[in-house]
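Taking my numbering, the leading residue of the sequence shown gets 35, the next gets one more, and so forth. Beta carbons are placed, not taken as given, at the ideal position from N, Cα and C, and that holds for glycine. Bear in mind the structure is a predicted one, so any value in this text is a computation, not a measurement. Here the structure comes first, spelled out in structure tokens, and everything after it is commentary.
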Amino acid sequence: MSTIIYNYFFDQLGNATNLDTLLFSEHLAKYSEENKKNVYLIHAPLGDERYSYAFNHGLVVLSPKHKITFVNLGAESDEFENYVDDFMEDLSAISIKYKYKDLIGRPRQWKDSLISIVNEIDKTALDNNYFNSLFERTKLENNIDQRKVELLISLLTGSINNINNLVLDVNDSVLDKVKQKILLFDGQQTRFIYQKTDKPVIRIQGLSGTGKTELLLHKLKDLYLNHEKSRIMFTCHNKILAYSLKHRIPEFFDFMKVEQQIQWNERLWCVNAWGSGTDPNSGAYRYICNFYNLKFRSFQKGVVDFNLACSQALKELEQSDYKDEFAFDYMLIDESQDFPQSFFDLCAKVTKEIIYIAGDIFQNIFSSEKAQTAPDYLLSKCYRTDPKTLMFAHGLGMGLFEENKLQWLNHEEWEMCGYNVKDLGDRIHLSRDPLRRFEDIQNIDSIDLIPALDSFYEENSRVDHTLSVIKKILDENKTAKPHDIAIITTETNNYSFDLLSQLEYRIGAELNLQVNKAYDTRNDKPNEIFLSTRNHVKGLEFPFVICHVTHISDNRSIRNALYMILTRSFIKTYLIFSEDLNKEIYPYLNSGLDTIKKEGILDVKVPSQNEIKQIKASISKIATGLSLEDQIINILRNMKVEDIYFDRILHMIKAAVSVNNSYEYDYDDLFSLTVGIAQAEISRGGKK
């Protein structure tokens with residue numbers, strides 16, 4: 035089998051690794067990639083090592099909208115029949131285990147319509163024509179049969195869906211089609227979960243929405259089940275994310291029918307990276323210091339720089355009497371872009387087997403630190419957001435529609451972000467492959483631009499347009515609920531909070547709906563419309579997003595916020611902005627979006643080499659001199675301040691220094707001011 039990394043094809047041949055099966059797999063992989071067709075080739079169900087079969091010339095071809103196809107690559111027909119029977123018996127058991135049987139029925143009810151048997155194959159004719167014929171013969175036309183076979187594929191590949199939320203007969207609304215989509219791992223995702231490796235560090239990288247955290251949870255389950263005495267640390271930088279993950283793990287294990295009880299702080303830790311001095315189990319770094327009897331450096335003791343804390347721990351560890359002992363067998367690190375290299379070096383010293391590291395390709399679209407050139411698994415497909423919305427978000431965020439670009443990537447970097455690149459000399463065309471989540475609704479109009487008046491009390495105001503959009507969403511999607519809608523502002527100034535207050539009042543008065551002010555509550559309220567600033571939406575997704583921005587300036591913080599907010603939606607985004615302040619940029623955006631909708635491409639003028647140098651120099655300057663807001667947020671995160679306080683603290687500090695988005699201030703003074711205001715706000719509970 036070729037060592038090429040495939041995005042559409044996955045194989046796990048088990049003990050069926052003879053020349054015939056390897057040849058069949060190689061030809062099928064080539065066909066799958068050339069035709070961009072998702073195909074899985076397996077010998078046994080994935081996810082449980084108990085499933086094994088003596089017959090080593092049998093394979094199973096799985097592909098959405100096609101029958102499950104058993105292929106005999108040997109001559110022993112009786113043994114092949116036994117293989118099929120045993121496989122079907124195991125598939126039935128898995129279906130019962132995850133309660134799929136309640137929806138799709140017993141095998142006798144679907145076997146004849148969903149299973150295909152290929153008993154003889156001409157191994158000299160394994161070309162595109164052969165596989166075209168094979169998939170044409172096994173194609174399913176009935177929608178319900180298609181959904182049944184996708185559910186069976188999800189069982190066989192370990193991509194378990196919540197059967198309680200699914201129906202077989204889906205109505206025609208876009209919302210229900212997307213919500214009811216049966217999720218299947220692609221080739222790269224499946225390979226990350228099941229491929230065996232001896233490498234001490236495995237890196238998985240991708241854009242936000244490519245499923246990195248979900249994959250880490252599946253890897254965690256695999257490690258916990260198949261390495262029973264292992265000690266596993268699951269960590270991330272952010273305290274709130276760690277808290278969320280720790281609550282997700284038991285739910286995920288229950289959902290995946292993991293029968294072993296979780297032994298917290300004995301076999302499994304899920305904590306943020308730093309930790310506190312009072313509890314050795316409160317953080318990865320804190321636990322390491324306790325395990326090796328190293329000095330723990332906390333924020334309270336004057337160490338703000340996590341890089342320095344980890345670097346000092348490494349030096350002490352080298353001279354420790356326990357340096358040859360291991361604190362963990364495995365580590366899983368999420369949001370790796372938040373960490374310094376010293377933390378990874380420290381983890382490598384204390385982990386016996388493998389460290390799995392997952393992170394975004396870019397910390398943000400203006401990061402000066404590019405992705406590693408060869409991550410072990412590169413997730414280029416964003417499954418959260420419709421490709422057209424993602425293209426527009428990149429175009430707007432990076433200034434690609436305008437004469438003066440704000441960011442520029444080379445061909446390799448565009449491809450790492452999931453783009454197909456067509457070089458036309460002074461222009462390039464960027465496109466994205468269709469995704470299964472949206473394959474049945476390719477003509478969806480996934481983003482609208484709405485210029486509006488800033489006054490709250492005139493016709494065509496931003497408030498009026500927002501209410502009109504909400505009414506339209508609810509009218510066109512009869513099953514939509516209030517919490518399917520999010521209203522998010524890019525700015526955190528007085529106007530934005532006044533806008534959110536006006537929206538809260540008028541949504542209640544005119545639509546009789548309640549809103550969840552997430553910047554205050556931080557709670558999920560299932561029957562309320564989500565209202566927030568940009569600081570409270572990381573990791574969230576909604577069917578519909580209404581994004582508010584006043585002035586689409588060249589400020590990179592605003593552009594990055596727009597990119598982040600626009601990509602929170604998985605059906606449609608509405609961008610509402612000031613008509614007066616964006617007269618110059620609006621035609622560029624409108625023209626760029628029109629090309630995306632009609633042709634499915636970003637048509638971009640290539641900057642000159644001199645312009646590219648200027649862009650990189652500008653970004654490098656920003657990277658070494660962060661904006662005021664980013665500096666404050668970094669300080670607050672290092673203090674482990676919960677993000678519920680961010681907006682008010684930011685507002686107060688900006689007012690105190692009387693400067694907005696400027697780099698001309700003394701960091702030590704800013705640090706002292708931030709600490710003082712943050713401590714005062716926390717002691718007051720953030721009350722106004």
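Taking the alpha carbon of residue i as the point to measure from, which residue in the options has its own alpha carbon closest?
i, options, result
"H100", "N49, N72, G92", "N72"
"I227", "V571, P577, L413", "L413"
"Y87", "Y74, D119, A63, D379", "D119"
"F389", "S129, L250, F289, D355", "One point to set straight first is that residue 389 is Ile, not Phe, in the sequence displayed. With distances taken between Cα atoms, I389 lies closest to L250."
"H499", "S612, N527, V95, N177", "S612"
"D206", "I716, F564, K512", "K512"
"D379", "A343, D410, D355", "A343"
"I586", "F531, L483, N528", "L483"
"S345", "K329, D358, F435, E359", "K329"
"S66", "Y40, L424, D82", "Y40"
"R140", "S167, K182, A651", "K182"
"R590", "I399, E676, I504, P560", "I399"
"W144", "D179, V94, K255, D518", "D179"
"G393", "T385, D358, P409", "P409"
"P424", "L469, K383, P560", "For the record, residue 424 in the displayed sequence is Leu; it is not Pro. The option with the nearest alpha carbon to L424 is L469."
"K173", "L160, S147, I649", "S147"
Suppose you measure from the CA of residue i to the CA of residue j; what does that come to, to the nearest Å?
i, j, result
"V337", "D554", "At V337 the pLDDT is 48, less than 50, meaning the model places this residue with poor confidence and gives no usable figure here."
"K506", "L80", "44 Å"
"D313", "R320", "8 Å"
"I102", "I149", "5 Å"
"T658", "K291", "Its pLDDT being 48, under 50, T658 is placed unreliably by the model, and the measurement read from it follows with that caveat. Rounded to whole angstroms, T658 to K291 spans 47 Å at the Cα level."
"F121", "N69", "28 Å"
"K263", "R301", "7 Å"
"I266", "Y364", "5 Å"
"I194", "L440", "41 Å"
"D637", "T629", "7 Å"
"L200", "L190", "18 Å"
"A689", "F680", "14 Å"
"Y47", "V208", "Per the sequence presented here, residue 47 reads as Leu, with Tyr not at that position. Each residue's Cα considered, the two are about 38 Å apart."
"M13", "I711", "Lying outside 35 to 722, the shown extent of the chain, residue 13 is not represented and no answer is given."
"F43", "E60", "10 Å"
"W448", "N260", "38 Å"
"W442", "D664", "22 Å"
"N527", "R237", "38 Å"
"R171", "S188", "22 Å"
Are the Cβ atoms of residue i and residue j separated by less than 8 Å?
i, j, result
"F89", "F58", "no"
"L275", "E154", "no"
"F373", "A318", "no"
"A427", "Y622", "no"
"Y620", "P485", "yes"
"L96", "I76", "yes"
"N546", "F564", "no"
"V579", "R602", "yes"
"G192", "H281", "no"
"L241", "C416", "yes"
"G452", "N594", "no"
"K631", "K422", "yes"
"L202", "P98", "no"
"R418", "E575", "yes"
Residue i: buried (16+ other C-beta within 10 angstroms of its C-beta) or exposed?
i, result
"T708", "buried"
"S696", "Its pLDDT being 40, under 50, S696 is placed unreliably by the model, and nothing is read from it."
"R461", "exposed"
"Y117", "buried"
"V693", "For V693, the pLDDT reaches just 47, beneath the cut-off of 50, and the residue's location in the model is therefore unreliable, although a value from the coordinates is still provided. Burial call: exposed."
"H445", "exposed"
"W298", "exposed"
"G22", "Here the chain comprises residues numbered 35 to 722, so residue 22 is not present and cannot be evaluated."
"H271", "buried"
"L458", "exposed"
"Y356", "exposed"
"I151", "exposed"
"S481", "The question names Ser, but residue 481 is Ile in the sequence shown. I481 is buried by the Cβ-count criterion."
"D45", "buried"
"L53", "exposed"
Would you say residue i faces chain B, with C-beta separation under 8 Å as the test?
i, result
"Y319", "No chain B is present in this structure, which holds just one protein chain."
Inset, instruction - Give, in chain order, every unbroken run of the alpha helix (DSSP H) that is at least 4 residues long and sits entirely within the region 87-133. - result: Taken in chain order, the complete alpha helix (DSSP H) segments of 4 residues or longer contained in the region 87-133 are 111-131.
Legend entry - Any alpha helix (DSSP H) of 4 or more consecutive residues that is wholly inside the region 441-514: Taking only runs of at least 4 residues, the alpha helix (DSSP H) segments lying wholly in the region 441-514 are 445-450, 496-510.
Legend entry - Uninterrupted beta strand (DSSP E) stretches inside the region 325-360 (no shorter than 3 residues): Runs found: none.
Inset, instruction - Run through the region 615-684 for me and flag every whole beta strand (DSSP E) of 3 or more residues, listed as ranges in chain order. - result: 636-639
Inset, instruction - Only counting runs of 4 or more residues, tell me where the alpha helix (DSSP H) segments fall wholly within the region 365-396, in order along the chain. - result: 375-384
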